[in-house]
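Q:
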Amino acid sequence: MSNESFEVSVKGVMPTSNGCAIFLGNEQKTFVIYVDPAIGNAINMTINQVKKERPLTHDLIGLILKGLETSIERVLINDVDEGT
Numbered sequence: 058m059s060n061e062s063f064e065v066s067v068k069g070v071m072p073t074s075n076g077c078a079i080f081l082g083n084e085q086k087t088f089v090i091y092v093d094p095a096i097g098n099a100i101n102m103t104i105n106q107v108k109k110e111r112p113l114t115h116d117l118i119g120l121i122l123k124g125l126e127t128s129i130e131r132v133l134i135n136d137v138d139e140g141t
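By our numbering, the letter at position 3 of the sequence shown is numbered 60, and the numbering carries on one by one without gaps.
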């Protein structure tokens, strides 16, 4: 297994018949993960800076991190299972 890491960002969100496709990538590659409609909608609202009626879980975590004056530097995915 390679220890290389790559910075990626959300390139787009597209509704599908079963949820949403989230396109992640960088200048060299793009890949897709599939999520349920609520998660796809939350990601899309965050990308487009849409004001929400009340904070969602990720909003609260962001506020906690800000209050602690810390941040998440990276997320490591070390395994991918088929059908997950």
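A virtual CB, placed ideally from N, CA and C, is assigned to each residue, including glycine. From a predicted model like this one, the values you see are computed outputs, not experimental measurements.
Would you identify the three-state DSSP class for glycine 119, choosing helix, strand or coil?
A: It is helical.
Q: Report yes if the CB atom of glycine 99 is closer than 9 Å to the CB atom of tyrosine 91, and no otherwise.
A: In the sequence on display, residue 99 carries alanine and not glycine. Against a cut-off of 9 Å, the Cβ pair of tyrosine 91 and alanine 99 comes out as no contact.
Q: Please name the residue in Lys109, Lys108 and Ile129 whose C-alpha comes closest to that of isoleucine 118.
A: Checking every option, the nearest Cα to that of isoleucine 118 belongs to Ile129.
Q: The beta strand (DSSP E) spanning isoleucine 79 covers which residue range?
A: 77-82 is the extent of the beta strand (DSSP E) around isoleucine 79.
Q: Tell me the DSSP secondary structure of threonine 73 in three-state form.
A: The answer is coil: DSSP assigns threonine 73 none of H, G, I, E or B.
Q: Across which residues does DSSP place serine 66 in a beta bridge pair?
A: Per DSSP, Gly82.
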